[in-house]
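Asks:
Chains as they are written, first to last, in the numbering used here: chain Y, 1 to 291; chain X, 292 to 451.
1) Distance check for residue 89 of chain Y and residue 6 of chain Y, CA to CA, integer angstroms please.
2) Note down, in chain order, each residue of its chain lying with its Cβ closer than 8 Å to the Cβ of residue 72 of chain Y, except the 5 sequence neighbours on either side.
3) Here's a check: name, in chain order, each residue in its chain whose Cβ is nearer than 8 Å to the Cβ of residue 169 of chain Y, leaving out the five neighbours to either side.
4) Below 9 Å between beta carbons is the criterion; list the residues of the segment 135 to 147 of chain Y that meet it against any residue of chain X, in chain order.
5) Pull up the distance between the alpha-carbon of residue 164 of chain Y and that of residue 243 of chain Y, whole angstroms please.
6) For residue 49 of chain Y and chain X, any beta-carbon pair shorter than 8 Å?
7) Keeping to the same chain, check which residues put their C-beta closer than 6 Å to that of residue 28 of chain Y; ignore five residues upstream and five downstream.
8) Going straight from the alpha carbon of residue 219 of chain Y to that of residue 80 of chain Y, what length do you get?
9) Please state the DSSP three-state secondary structure of residue 337 of chain X.
10) Any contact between the segment 390 to 398 of chain X and the segment 349 to 365 of chain X? By contact I mean 3 or more CB pairs, one from each, below 8 Å.
11) In whole angstroms, what separates the C-alpha of residue 76 of chain Y from that of residue 410 of chain X?
12) Could you give the residue range of the alpha helix (DSSP H) that holds residue 309 of chain X?
13) Rounded to whole angstroms, what is the Cα-Cα separation between residue 408 of chain X and residue 416 of chain X?
14) Please report how far the alpha carbon of residue 257 of chain Y lies from the alpha carbon of residue 175 of chain Y, in whole angstroms.
15) With 8 Å as the threshold, decide whether the Cβ of residue 329 of chain X is near any Cβ in chain Y.
16) Report the three-state DSSP secondary structure of residue 350 of chain X (helix, strand or coil).
17) Can you list, in chain order, the residues of its chain whose CB lies under 6 Å from that of residue 248 of chain Y, leaving out five sequence neighbours each side?
18) Does DSSP put residue 291 of chain Y in a helix, a strand or coil?
19) Is the segment 343 to 357 of chain X in contact with the segment 307 to 318 of chain X, if contact means three or more CB pairs nearer than 8 Å?
20) Using the C-alpha atoms, what's the distance from residue 43 of chain Y back to residue 23 of chain Y?
21) Measuring only between beta-carbons, confirm whether residue 100 of chain Y sits less than 8 Å from chain X.
22) Are the beta-carbon atoms of residue 183 of chain Y and residue 125 of chain Y separated by less than 8 Å?
23) Identify whether residue 295 of chain X lies in helix, strand or coil by the three-state DSSP scheme.
24) Given a cut-off of 8 Å, decide if residue 378 of chain X and residue 316 of chain X are closer than it, judged by their beta-carbon atoms.
25) Please state whether the Cβ-Cβ distance between residue 118 of chain Y and residue 196 of chain Y is less than 8 Å.
26) Assuming residue 165 of chain Y is part of the beta strand (DSSP E), what are its boundary residues?
27) Mapping the DSSP letters down to three states, classify residue 369 of chain X as helix, strand or coil.
28) Put residue 151 of chain Y into one of helix, strand or coil per three-state DSSP.
29) Starting from residue 376 of chain X, follow its DSSP beta bridges and name the residues at the other end.
30) Out of X:406, X:370 and X:366, state which residue places its alpha-carbon closest to the alpha-carbon of residue 58 of chain Y.
31) Just verifying my parser: in three-state terms, what is the DSSP assignment at residue 390 of chain X?
32) Start and end of the alpha helix (DSSP H) containing residue 272 of chain Y?
33) Please go through the same chain and pick out, in chain order, the residues whose beta-carbon is closer than 6 Å to the beta-carbon of residue 173 of chain Y, but skip the five residues on each side of it.
34) Please check the pair residue 424 of chain X and residue 375 of chain X, which I expect to be a contact at CB under 8 Å, by giving their CB distance rounded to whole angstroms.
35) Would you identify the three-state DSSP class for residue 329 of chain X, choosing helix, strand or coil?
36) Please compile the residues from chain Y whose C-beta is within a distance smaller than 7 Å of the C-beta of residue 301 of chain X.
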């Protein structure tokens, strides 16, 4: 990879990605509104929300939580940069988990009971989606022989036909990471849904909340990029897979009600994890000499 | 209009508080969210957390029980913020204006920016009231409000 290429990919991850994420979040709100028979906000609505939050009085009950949220944002940016620059998927997962843990520690640092309760549920969400992402990385390894994202990007054949289960688990991961029904048990973004006020974000306001919104934009692009690894060449097919997963999670969000954390854990560990393992066994059994 | 003013106009997050209303105005406020009026097309979101809200919609005449709650919610909201008194009761106390347990209007407790008339107030009127308030909100500096002490001093003076 030449220096120019590296710089371009870095710019793509750090500068271009949040704008794409903003439009995707706007599309999410617009689409949800249309599915409910409403006109919905303009596509650029998340941008106005961010500017407004940044221009509010900076007041927070816990500065430590703001620092944790800054770490959460940074980890999302670094994770995305790692994927787009073809880095190691396992390192990316560690960085991502670090950000999630920073978010949780920040949530526990606020004294509000809503924050405490929401953060405990956030931990359960982490427990549900984390193994699914690790299995995805292992699946990619079994086919490409490498944990590097660049190996998946340069893999000639699409991985998706042999890893169909991972599309379904990715849709669940989208739902959990983007806090969508039926997985929006810790907090619920926008759309006027409410759950334990805003969970870990109950005590976060103004510019600190803007950090979370920005991190959310990066998070959406990161998830789409992860899903696109399943059909990485040509890249537009990968983008379609990623956007398809996002679309599916939006539709599920609108047709499903919020369920309980115990249902989510059961779904994760009794359905999604065994299904992923079955797909991994298939990949292992059918790998050729070069795999 | 600069970017911050435009963003404030286009992203009002609304907190709704019932200060002893008969529920008539509250139903009208919630109907603003339905497909018929759909205030989310203006970026408005009904939030449950005062720390995230820009606009406080209050219904009801305010009584001695919920006065404390109303003031607490108002103080938890970050500046800049506006208060919209929805309905006749919230504006003046309405038919409860001389009840011994009622204070007779939201402005007896916290400063009010817009008074929305009606019993119950119509959704169209509520939306117009919020937009009037937003024009005021957009022009506010980050810390526009008198603090709690000053507001208290003002109300004490008014009582005298």
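No residue lacks a Cβ here, since even glycine has one placed at the ideal position from N, Cα and C.
Replies: For this structure:
1) In this structure, the alpha-carbon of residue 6 of chain Y lies about 17 Å from that of residue 89 of chain Y.
2) 99, 100, 102, 103, 106, 211, 212 and 215
3) Excluding sequence neighbours, residue 169 of chain Y sits near 132, 135, 136, 272, 275 and 276.
4) none
5) Distance from the CA of residue 164 of chain Y to the CA of residue 243 of chain Y, rounded to the nearest whole angstrom, comes to 16 Å.
6) yes
7) 250
8) Spanning the two alpha carbons is a distance of roughly 8 Å.
9) strand
10) yes
11) 50 Å
12) Unbroken run through residue 309 of chain X is the beta strand (DSSP E), 304 to 309; no alpha helix (DSSP H).
13) 8 Å
14) Residue 257 of chain Y and residue 175 of chain Y: Cα-Cα distance of roughly 12 Å.
15) yes
16) Residue 350 of chain X falls in the strand class under three-state DSSP.
17) Within the same chain, 171 come within 6 Å of residue 248 of chain Y by CB-CB distance, once the 5 residues on both sides are set aside.
18) With a pLDDT of only 45 at residue 291 of chain Y, under the threshold of 50, the placement of this residue in the model should not be trusted; the figure read from the coordinates follows. The answer is coil: DSSP assigns residue 291 of chain Y none of H, G, I, E or B.
19) yes
20) 6 Å
21) So, not an interface residue.
22) yes
23) helix
24) yes
25) yes
26) Here residue 165 of chain Y belongs to no beta strand (DSSP E); instead the alpha helix (DSSP H) covers 164 to 177.
27) coil
28) helix
29) X:349 and X:406
30) X:370
31) Coil.
32) That residue, residue 272 of chain Y, is in no alpha helix (DSSP H); it is neither H nor E in DSSP.
33) 129 and 132
34) 5 Å
35) coil
36) 48
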